[in-house]
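Peer 1: Line order of the protein sequences matches chains R and V. For what it's worth, my numbering labels the leading residue of the first sequence as 15, then goes sequentially. For what it's worth, my numbering labels the leading residue of the second sequence as 15, then goes sequentially. Every residue, glycine too, gets a C-beta built ideally from N, C-alpha and C. Below you'll find the structure I mean.
Number of protein chains: 2
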Amino acid sequence: MDKVQPRILSGFMELLPADQMSFNKMYDTIRSVYERFGFLPLDTPLIELSDVLLAKAGGETEKQIYRFEKGGSDLSLRFDLTVPLARYVSQHFQDIAFPFKRYQMSKVFRGEKPQKGRFREFYQCDIDVIGVDELDLIYDAEMPAVIYNVFRELNFGDFVIRINNRKILNGFFKSVGYENKIADILRIIDKLEKIGIENVRRELADLGVDSASSDKILSFIGIRGGNDEIIESLKGCGISDETFLCGVDEIEQVIKYLRGFGVSEDCFMIDLTIARGLDYYTGTVYETVLKDFPSMGSVCSGGRYDNLTEYYTDKKLPGIGISIGLTRLFYQLKEEGVIKNEASTPAKCLVIPMSPDNVGFALEAAGILRNSGIPTDVYYQAKGMKHKMKYADRLGIPYAVIIGDDEQTAGEVMLKSMASGEQQRIKLNELPAKIKAE
Amino acid sequence: MDKVQPRILSGFMELLPADQMSFNKMYDTIRSVYERFGFLPLDTPLIELSDVLLAKAGGETEKQIYRFEKGGSDLSLRFDLTVPLARYVSQHFQDIAFPFKRYQMSKVFRGEKPQKGRFREFYQCDIDVIGVDELDLIYDAEMPAVIYNVFRELNFGDFVIRINNRKILNGFFKSVGYENKIADILRIIDKLEKIGIENVRRELADLGVDSASSDKILSFIGIRGGNDEIIESLKGCGISDETFLCGVDEIEQVIKYLRGFGVSEDCFMIDLTIARGLDYYTGTVYETVLKDFPSMGSVCSGGRYDNLTEYYTDKKLPGIGISIGLTRLFYQLKEEGVIKNEASTPAKCLVIPMSPDNVGFALEAAGILRNSGIPTDVYYQAKGMKHKMKYADRLGIPYAVIIGDDEQTAGEVMLKSMASGEQQRIKLNELPAKIKAE
Numbered sequence: 015m016d017k018v019q020p021r022i023l024s025g026f027m028e029l030l031p032a033d034q035m036s037f038n039k040m041y042d043t044i045r046s047v048y049e050r051f052g053f054l055p056l057d058t059p060l061i062e063l064s065d066v067l068l069a070k071a072g073g074e075t076e077k078q079i080y081r082f083e084k085g086g087s088d089l090s091l092r093f094d095l096t097v098p099l100a101r102y103v104s105q106h107f108q109d110i111a112f113p114f115k116r117y118q119m120s121k122v123f124r125g126e127k128p129q130k131g132r133f134r135e136f137y138q139c140d141i142d143v144i145g146v147d148e149l150d151l152i153y154d155a156e157m158p159a160v161i162y163n164v165f166r167e168l169n170f171g172d173f174v175i176r177i178n179n180r181k182i183l184n185g186f187f188k189s190v191g192y193e194n195k196i197a198d199i200l201r202i203i204d205k206l207e208k209i210g211i212e213n214v215r216r217e218l219a220d221l222g223v224d225s226a227s228s229d230k231i232l233s234f235i236g237i238r239g240g241n242d243e244i245i246e247s248l249k250g251c252g253i254s255d256e257t258f259l260c261g262v263d264e265i266e267q268v269i270k271y272l273r274g275f276g277v278s279e280d281c282f283m284i285d286l287t288i289a290r291g292l293d294y295y296t297g298t299v300y301e302t303v304l305k306d307f308p309s310m311g312s313v314c315s316g317g318r319y320d321n322l323t324e325y326y327t328d329k330k331l332p333g334i335g336i337s338i339g340l341t342r343l344f345y346q347l348k349e350e351g352v353i354k355n356e357a358s359t360p361a362k363c364l365v366i367p368m369s370p371d372n373v374g375f376a377l378e379a380a381g382i383l384r385n386s387g388i389p390t391d392v393y394y395q396a397k398g399m400k401h402k403m404k405y406a407d408r409l410g411i412p413y414a415v416i417i418g419d420d421e422q423t424a425g426e427v428m429l430k431s432m433a434s435g436e437q438q439r440i441k442l443n444e445l446p447a448k449i450k451a452e
Numbered sequence: 015m016d017k018v019q020p021r022i023l024s025g026f027m028e029l030l031p032a033d034q035m036s037f038n039k040m041y042d043t044i045r046s047v048y049e050r051f052g053f054l055p056l057d058t059p060l061i062e063l064s065d066v067l068l069a070k071a072g073g074e075t076e077k078q079i080y081r082f083e084k085g086g087s088d089l090s091l092r093f094d095l096t097v098p099l100a101r102y103v104s105q106h107f108q109d110i111a112f113p114f115k116r117y118q119m120s121k122v123f124r125g126e127k128p129q130k131g132r133f134r135e136f137y138q139c140d141i142d143v144i145g146v147d148e149l150d151l152i153y154d155a156e157m158p159a160v161i162y163n164v165f166r167e168l169n170f171g172d173f174v175i176r177i178n179n180r181k182i183l184n185g186f187f188k189s190v191g192y193e194n195k196i197a198d199i200l201r202i203i204d205k206l207e208k209i210g211i212e213n214v215r216r217e218l219a220d221l222g223v224d225s226a227s228s229d230k231i232l233s234f235i236g237i238r239g240g241n242d243e244i245i246e247s248l249k250g251c252g253i254s255d256e257t258f259l260c261g262v263d264e265i266e267q268v269i270k271y272l273r274g275f276g277v278s279e280d281c282f283m284i285d286l287t288i289a290r291g292l293d294y295y296t297g298t299v300y301e302t303v304l305k306d307f308p309s310m311g312s313v314c315s316g317g318r319y320d321n322l323t324e325y326y327t328d329k330k331l332p333g334i335g336i337s338i339g340l341t342r343l344f345y346q347l348k349e350e351g352v353i354k355n356e357a358s359t360p361a362k363c364l365v366i367p368m369s370p371d372n373v374g375f376a377l378e379a380a381g382i383l384r385n386s387g388i389p390t391d392v393y394y395q396a397k398g399m400k401h402k403m404k405y406a407d408r409l410g411i412p413y414a415v416i417i418g419d420d421e422q423t424a425g426e427v428m429l430k431s432m433a434s435g436e437q438q439r440i441k442l443n444e445l446p447a448k449i450k451a452e
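Here it is as structure tokens:
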């Protein structure tokens with residue numbers, strides 16, 4: 015028979031078990047923090063009706079959609095978790111208690127050109143809080159407080175959550191007279207780190223911003239210092255625009271609340287250069303940078319939006335959200351050598367019967383371990399001892415529990431640490447406590 | 015602006031948070047048992063290349079595929095987790111330690127006509143063990159041992175895992191002279207419970223089975239009794255076909271091992287009527303029935319196959335697997351009223367600051383609870399007490415932690431049980447232990 019070459023499409027991540035274990039550990043850590051902050055789980059369909067999913071989309075996004083017909087319906091794979099959230103909240107409005115805090119950690123799809131570190135199928139790990147008509151400002155601090163706990167527990171070194179407020183930016187640009195070019199100017203400023211100050215200045219000039227205003231803009235976004243210093247500078251810079259003052263007041267409150275959440279001062283900072291590309295952010299915005307890997311860019315971004323559901327309902331539902339692109343983050347950390355795989359299996363013990371006569375006792379031992387909550391595998395194949403130990407070794411199982419006739423007769427096992435090679439005979443009923451103690 | 019009606023395609027399950035919590039609890043229980051038995055996690059792409067995914071498929075399966083072109087590639091959404099496993103094992107053969115025990119619990123897609131209880135997007139929760147050239151028979155007992163633990167922990171009442179062996183069936187039919195009609199006869203017998211004995215007899219006659227052989231067939235599959243009695247009947251029925259005897263020997267071993275695994279005798283039984291439709295099962299086969307809900311049919315099925323990867327490689331990789339259709343199972347149990355939702359949120363406590371002045375202390379309280387591993391939400395919105403309690407009530411949060419000026423001054427909180435309405439003042443630092451104790 016002709017064989018088909020087993021392969022997958024480029025731009026799709028598929029992991030070997032050891033990597034999958036590390037990936038799942040990250041996934042579980044994020045989920046655990048999200049749940050600890052009281053976010054509700056959600057799991058929307060991967061396939062949505064195109065007219066619903068693409069109500070807002072256009073341009074680049076639309077080109078990337080996996081879209082197809084089936085059974086007479088025009089269908090699309092979701093490209094993010096925000097549009098499905100908007101659809102969900104509108105559709106199930108009557109059944110939801112607000113503020114609605116939800117998390118969703120699932121795959122999304124974008125048919126981009128494949129390139130290193132860009133994926134067509136990837137996990138987003140989102141939290142959002144949606145209010146009706148209004149949403150307390152303290153949620154603007156809860157988001158980075160959650161992210162602070164996530165990255166502390168992920169334990170990939172120092173990180174900083176950069177915070178800005180679109181009202182500060184919008185108000186400032188109104189005050190320098192470029193109110194109608196805010197979007198364009200913000201887009202140019204957003205590239206400051208990428209293209210450098212001279213290119214920004216040139217692009218601003220191309221846009222028609224006069225040189226004096228360019229100076230003002232660049233000196234404004236160049237305000238530096240500790241969080242309190244920046245707030246003082248903003249308050250003292252003589253701009254009386256209402257939106258601006260509102261933004262300054264908001265960011266001051268958010269900083270105060272962040273301290274209330276117990277977030278370390280060195281893990282968050284006001285950064286006036288952050289705008290975030292998306293059109294719909296209207297208040298607080300975030301980016302998160304791993305200090306040891308600044309070239310990764312933001313590994314977790316988000317912000318506040320005034321109206322999540324305008325394409326589906328007349329209700330006004332403001333919200334705030336933040337997202338971790340887990341697939342990309344995992345890939346980059348793996349490339350950097352930061353992710354250390356520990357094992358290919360959840361099993362902590364491999365029970366090894368020396369002969370078929372020992373299988374019954376081996377099953378009993380495995381049962382006792384499992385009932386104590388210790389993940390346990392048993393090696394049944396009739397192979398030599400070397401082969402059995404190699405299996406434990408390849409999978410990274412820390413303990414071998416060897417059972418021969420002597421052990422079985424005595425109601426004991428031989429416990430071997432795979433790392434040290436040390437062996438000791440131990441009573442079967444003492445085994446779980448022993449493993450847990452080590 | 016014109017609004018788009020928010021909706022999803024029929025045949026797709028989307029849950030409200032309380033149902034999602036119950037669903038996730040089932041998912042997590044299954045995953046936890048799979049991991050406790052040492053199965054490795056896997057997460058293959060949802061989109062596969064059509065020529066790879068459909069190497070074997072044909073007929074009904076192929077019609078149900080979500081298939082589309084993108085970027086010049088012919089792509090399909092996976093319709094099960096077995097074909098991707100075969101592809102994965104063939105593709106990554108050199109990097110895998112065998113026997114390869116993997117679990118995968120993910121969505122699959124079938125564009126069926128929508129009908130009650132049938133889904134186009136649904137979770138399959140699969141375990142499989144793959145060997146190279148051979149795979150010990152004890153894995154045929156490990157599968158139902160895992161499933162026994164899963165359904166015991168899911169706690170949906172009594173259940174029984176029905177076990178048969180295709181070699182017994184194949185050998186028997188060879189002995190009555192209908193070797194070349196085995197597939198057809200098995201297909202008719204498979205419908206015994208659905209269509210009844212008379213219809214089976216008629217269909218057998220239509221197939222050309224003479225009346226005497228029909229009697230033999232029906233009396234054979236009518237063998238009843240305890241597991242050991244059935245085995246004795248099979249041994250004593252005078253059939254000397256080698257395949258048959260091998261099957262009897264295998265099922266005897268499997269039953270013996272199942273006892274070794276500590277599986278209760280009333281949770282498994284030999285059932286000679288089970289054949290399983292799929293062509294590729296070659297040995298032990300399983301079905302699982304919830305005793306209180308026989309009309310649900312099998313909620314967990316599987317079996318042994320000789321060669322998983324024949325479309326991708328010349329290597330011979332026998333395996334055994336079993337699968338839970340979680341979406342359907344959840345839907346059916348929900349319909350039957352068996353699933354009792356407990357809460358819409360993971361949060362066990364809702365911290366409620368009485369006024370904005372109490373927010374700082376509320377954040378401290380929430381932090382202490384979360385750091386103790388207790389999922390905690392805080393109600394920040396400036397609403398009346400009634401509104402705040404209603405939020406806790408709607409979400410099913412068991413404890414309200416109320417903080418007013420008095421409590422704050424004393425370093426205390428008012429702990430209220432939402433179920434009993436009882437309130438008590440308690441020191442903040444004693445709160446986590448108190449919650450955990452209750």
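What residues in its chain sit with their C-beta under 8 Å from that of Arg132 of chain R, if we drop five residues either side in the sequence?
Peer 2: Numbered from its first residue, the first sequence carries residue 132 of chain R at position 118. Here the set comprises Gly25, Glu126 and Arg342.
Peer 1: Which whole-angstrom value is the C-beta distance of Tyr192 of chain V and Ile182 of chain V, which I expect to be below 8 Å?
Peer 2: Position 178 of the second sequence, counted from the start, is the residue given in the question as residue 192 of chain V. Position 168 of the second sequence, counted from the start, is the residue given in the question as residue 182 of chain V. The Cβ separation is near 15 Å, so there is no contact.
Peer 1: Opposite Asp140 of chain R in the DSSP bridges: which residues?
Peer 2: The residue labelled residue 140 of chain R in the question sits at position 126 within the first sequence. Answer by DSSP bridge pairing, in chain order: R:Gln118 and R:Ser337.
Peer 1: For a contact meaning CB atoms closer than 7 Å, what does Glu49 of chain R contact in chain V?
Peer 2: Your numbering for residue 49 of chain R matches position 35 in the first sequence. Near Glu49 of chain R (Cβ distances below 7 Å), the residues of chain V are Pro360 and Pro389.
Peer 1: Hey, how far is the Cα of Asp320 of chain V from the Cα of Ala424 of chain R?
Peer 2: One-based indexing of the second sequence puts residue 320 of chain V at position 306. One-based indexing of the first sequence puts residue 424 of chain R at position 410. Straight-line Cα distance between these residues: approximately 39 Å.
Peer 1: On the premise that Leu221 of chain V lies in contact with Thr43 of chain V, defined as a C-beta separation below 8 Å, what is that separation, rounded to the nearest angstrom?
Peer 2: Taking the first residue of the second sequence as 1, we reach residue 43 of chain V at position 29. Taking the first residue of the second sequence as 1, we reach residue 221 of chain V at position 207. No, Thr43 of chain V and Leu221 of chain V are not in contact; Cβ-Cβ is about 44 Å, not under 8 Å.
Peer 1: Can you pull the chain R neighbours of Val373 of chain V, defined as C-beta to C-beta under 9 Å?
Peer 2: Here residue 373 of chain V refers to the residue found at position 359 when the second sequence is read from its first residue. Ordered by position in chain R, the residues that pass the 9 Å Cβ test against Val373 of chain V are Ile152, Tyr271 and Gly274.
Peer 1: Does any residue of chain R bring its CB to less than 7 Å from the CB of Ser278 of chain V?
Peer 2: Walking along the second sequence from the start, residue 278 of chain V turns up at place 264. Cβ-Cβ to chain R under 7 Å: no for Ser278 of chain V.
Peer 1: Find out if the Cβ-Cβ distance for the pair Ile177 of chain V, Ile284 of chain V is shorter than 7 Å.
Peer 2: As a position in the second sequence, residue 177 of chain V is number 163, starting the count at 1. As a position in the second sequence, residue 284 of chain V is number 270, starting the count at 1. Against a cut-off of 7 Å, the Cβ pair of Ile284 of chain V and Ile177 of chain V comes out as a contact.
Peer 1: Measuring CA to CA, which of V:Arg101, V:Gly387 and V:Met40 is closest to Arg21 of chain R?
Peer 2: Start at 1 with the first residue of the first sequence, and residue 21 of chain R comes out as number 7. Ranking V:Arg101, V:Gly387 and V:Met40 by Cα distance to Arg21 of chain R puts V:Arg101 first.
Peer 1: So, Met432 of chain V versus Pro446 of chain V, is the Cβ gap smaller than 7 Å?
Peer 2: In the second sequence, residue 432 of chain V corresponds to position 418, counting from 1. In the second sequence, residue 446 of chain V corresponds to position 432, counting from 1. Not in contact: Met432 of chain V and Pro446 of chain V (Cβ atoms no closer than 7 Å).
Peer 1: Taking the alpha-carbon of Ile288 of chain V as reference, which of V:Val262, V:Ile203, V:Gly333 and V:Ile336 has the nearest alpha-carbon?
Peer 2: Along the second sequence, read from residue 1 onward, the residue named residue 288 of chain V stands at position 274. Residue V:Ile203 is the option with its Cα nearest to Ile288 of chain V.
Peer 1: Helix, strand or coil for Met283 of chain V per DSSP?
Peer 2: Counting from 1 along the second sequence, the entry for residue 283 of chain V is found at position 269. Three-state DSSP puts Met283 of chain V in a strand.
Peer 1: Between the C-alpha atoms of Arg286 of chain V and Ser64 of chain V, what's the straight-line distance to the nearest angstrom?
Peer 2: Taking the second sequence and counting its residues from 1, one reaches residue 286 of chain V at position 272. Taking the second sequence and counting its residues from 1, one reaches residue 64 of chain V at position 50. Per the sequence shown, residue 286 of chain V should be read as Leu rather than Arg. Each residue's alpha carbon lies about 37 Å from the other.
Peer 1: So, is Arg116 of chain R buried or exposed, given that buried needs 16 or more other C-beta atoms within 10 angstroms?
Peer 2: Reading the first sequence from its first residue, position 102 is the one you call residue 116 of chain R. By the neighbour-count rule (16 or more Cβ atoms within 10 Å), Arg116 of chain R is buried.
Peer 1: Drop a sphere of 10 angstroms on the beta-carbon of Lys362 of chain R, count the other beta-carbons inside from all chains shown, and report buried for 16 or more, exposed for fewer.
Peer 2: Here residue 362 of chain R corresponds to residue number 348 of the first sequence, with the count starting at 1. So Lys362 of chain R counts as buried.
Peer 1: Could you compute how far the alpha carbon of Glu135 of chain V sits from the alpha carbon of Thr323 of chain R?
Peer 2: On the second sequence, position 121 is the one that residue 135 of chain V refers to. On the first sequence, position 309 is the one that residue 323 of chain R refers to. Their backbone Cα atoms lie some 25 Å apart in a straight line.
Peer 1: Over the uninterrupted beta strand (DSSP E) stretch that includes Ala414 of chain V, give me the two end residues.
Peer 2: Working through the second sequence from its first residue, we reach residue 414 of chain V at position 400. Unbroken beta strand (DSSP E) run through Ala414 of chain V: Tyr413 to Ile417.
Peer 1: In this structure, does DSSP put Glu217 of chain R in helix, strand or coil?
Peer 2: Translated into the one-based positions of the first sequence, residue 217 of chain R becomes position 203. The answer is helix: DSSP assigns Glu217 of chain R an H, G or I state.
Peer 1: Under the DSSP definition of a beta bridge, which residues are partnered with Arg81 of chain V?
Peer 2: Locating residue 81 of chain V in the second sequence gives position 67, counting from the first residue. DSSP lists V:Ser90 as partners of Arg81 of chain V.
Peer 1: Name the chain V residues whose beta carbon is nearer than 9 Å to that of His401 of chain R?
Peer 2: Stepping through the first sequence from its first residue, residue 401 of chain R is reached at position 387. In chain order: nothing, as chain V lies at least about 10 Å away.
Peer 1: Check the DSSP bridge columns for Pro158 of chain R and list the partner residues they point to.
Peer 2: Within the first sequence, residue 158 of chain R is the residue found at index 144, counting from 1. Answer by DSSP bridge pairing: none, since Pro158 of chain R is not bridged.
Peer 1: Is there at least one Cβ from chain V nearer than 7 Å to Ile22 of chain R's Cβ?
Peer 2: Taking the first residue of the first sequence as position 1, residue 22 of chain R is located at position 8. Ile22 of chain R counts as touching chain V.
Peer 1: Let's test the definition: count the other Cβ atoms within 10 Å of the Cβ of Glu264 of chain V and tell me whether it reaches 16, buried, or not, exposed.
Peer 2: What you label residue 264 of chain V is simply residue 250 of the second sequence in a count that begins at 1. Burial call: buried.
Peer 1: In three-state DSSP terms, what is Cys251 of chain R?
Peer 2: For the purposes of this step, residue 251 of chain R is taken as the residue at position 237 of the first sequence. Three-state result, Cys251 of chain R: coil.
Peer 1: Are Tyr153 of chain V and Cys281 of chain V close, meaning C-beta to C-beta below 7 Å?
Peer 2: Mapped onto the second sequence, residue 153 of chain V falls at position 139. Mapped onto the second sequence, residue 281 of chain V falls at position 267. No, the pair does not count as a contact, with Cβ atoms beyond the cut-off.
Peer 1: Are the beta-carbon atoms belonging to Thr298 of chain R and Asn184 of chain R less than 7 Å from one another?
Peer 2: Sequence index remark: in the first sequence, residue 298 of chain R carries index 284 (1-based). Sequence index remark: in the first sequence, residue 184 of chain R carries index 170 (1-based). No.
Peer 1: Grouping DSSP H, G and I as helix and E and B as strand, with all else coil, what is Thr327 of chain V?
Peer 2: Here residue 327 of chain V is taken as the residue at index 313 of the second sequence, counted from 1. Coil at Thr327 of chain V, not helix or strand.
Peer 1: Indicate, with yes or no, if the ligand NAP has a heavy atom lying under 6 Å from the CB of Gly335 of chain V.
Peer 2: For the ligand NAP, the structure offers nothing, since it holds no ligand at all.
Peer 1: State the Cα-Cα distance for the pair Leu60 of chain R and Arg92 of chain R, rounded to the nearest angstrom.
Peer 2: For the purposes of this step, residue 60 of chain R is taken as residue 46 along the first sequence, with counting starting at 1. For the purposes of this step, residue 92 of chain R is taken as residue 78 along the first sequence, with counting starting at 1. Their backbone Cα atoms lie some 6 Å apart in a straight line.
Peer 1: At a Cβ threshold of 7 Å, is Asn179 of chain R touching chain V?
Peer 2: On the first sequence, residue 179 of chain R is found 165 positions in, with the first residue counted as 1. Not one chain V Cβ lies under 7 Å of Asn179 of chain R.
Peer 1: Kindly give me the distance between the Cβ atoms of Ser189 of chain R and Phe258 of chain R, rounded to whole angstroms, as I take these residues to be in contact under 8 Å.
Peer 2: Here residue 189 of chain R is taken as the residue at index 175 of the first sequence, counted from 1. Here residue 258 of chain R is taken as the residue at index 244 of the first sequence, counted from 1. Right, their Cβ atoms sit about 6 Å apart.
Peer 1: Taking all protein chains shown into account, decide if Ser337 of chain V is buried (16 or more other Cβ within 10 angstroms of its Cβ) or exposed.
Peer 2: On the second sequence, position 323 is the one that residue 337 of chain V refers to. Looking at its Cβ environment, which holds 16 or more other Cβ atoms inside 10 Å, Ser337 of chain V is buried.
Peer 1: Taking all protein chains shown into account, decide if Met35 of chain R is buried (16 or more other Cβ within 10 angstroms of its Cβ) or exposed.
Peer 2: By 1-based counting over the first sequence, the position of residue 35 of chain R is 21. When all chains shown are included, Met35 of chain R counts as buried.
Peer 1: Whose C-alpha, out of V:Lys402, V:Leu409, V:Ile366 and V:Ala32, is nearest the C-alpha of Ile417 of chain V?
Peer 2: If you number the second sequence from 1, residue 417 of chain V lands on position 403. Residue V:Ile366 is the option with its Cα nearest to Ile417 of chain V.
Peer 1: Roughly how many whole angstroms lie between the Cα atoms of Glu378 of chain R and Ser46 of chain V?
Peer 2: Numbered from its first residue, the first sequence carries residue 378 of chain R at position 364. Numbered from its first residue, the second sequence carries residue 46 of chain V at position 32. Straight-line Cα distance between these residues: approximately 20 Å.
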